[in-house]
Amino acid sequence: MSAGDEKDGSKGLPCPFEKLRPSQLVRDDTFFMSLAFNLAVDAWRIDEVPIGAVIVRAGEVIAAAHNEVERAKDPTAHAEMLAITQAARKVGDWRLNECELYVTKEPCPMCAGASIMSRLGRVVHGWGDPKMGCMGGAFALHELPGLNHRVTVVGGVLEGPCRDILRAYFELKRGNDNLGTA
Ligand SMILES: [Zn+2]
32 MSAGDEKDGS KGLPCPFEKL RPSQLVRDDT FFMSLAFNLA VDAWRIDEVP
82 IGAVIVRAGE VIAAAHNEVE RAKDPTAHAE MLAITQAARK VGDWRLNECE
132 LYVTKEPCPM CAGASIMSRL GRVVHGWGDP KMGCMGGAFA LHELPGLNHR
182 VTVVGGVLEG PCRDILRAYF ELKRGNDNLG TA
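Heads up, the final residue of the sequence shown is numbered 213 in our numbering, and it's a clean run with no missing numbers.
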């Protein structure tokens, strides 16, 4: 959960994306999404799918994570899941009503479910995922009529960079695999 620059991982493909340097003066959705984007860059550098997430409470970042499925050999180690666990530990409660999740890609079924189960107040995502996104892209899990918790969902914040880094990563991976290189 480092906000600083780290050395590129040795096994990963070099990440062509630079970290963003948002102004600290305006702590709006774009600012917090920039922090999530920078975590996605960190993920790429260790050859994880570049998705990052931060959780904010009262204007302060209380959790920060990126996808770690490969490293942890854990299919549940998505950025959002890791950040939600961190945030609950920090708050000392599993209820995160006063927290906002910023994530570079629209949550998948698992993470959309976890966002609802943790009672997050707000979920802000970067790129809406038409295939697997479950907060409006492919499906809207948070709009199930029986839910007694309502999470506010906002999409499309810093959409271009959040989408481009994912697309570039998968395109490079595919190219690499086609060449038969390790
Ligand atoms: Zn997920």
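Beta carbons: idealized from backbone N, C-alpha and C, even for Gly.
8 Å or more divides the Cβ of I196 from the Cβ of V134. DSSP places T107 outside any alpha helix (DSSP H), giving it a letter other than H or E.
The chain-ordered list of residues whose CB is nearer than 6 Å to some heavy atom of ligand 1 reads H109, E111, P138, C139, M141, C142. Annotation: the continuous beta strand (DSSP E) that includes L132 extends over 130-136. Counted as a single uninterrupted DSSP element, the beta strand (DSSP E) harbouring R153 occupies residues 153-158.
Annotated as distal: V100 and F63, with beta-carbon spacing of 8 Å or more. DSSP places R58 outside any beta strand (DSSP E), giving it a letter other than H or E. Its Cα nearest to that of L56, the residue G90 stands out among D78, G90, E79.
The C-alpha of R194 lies about 24 Å from the C-alpha of I147.
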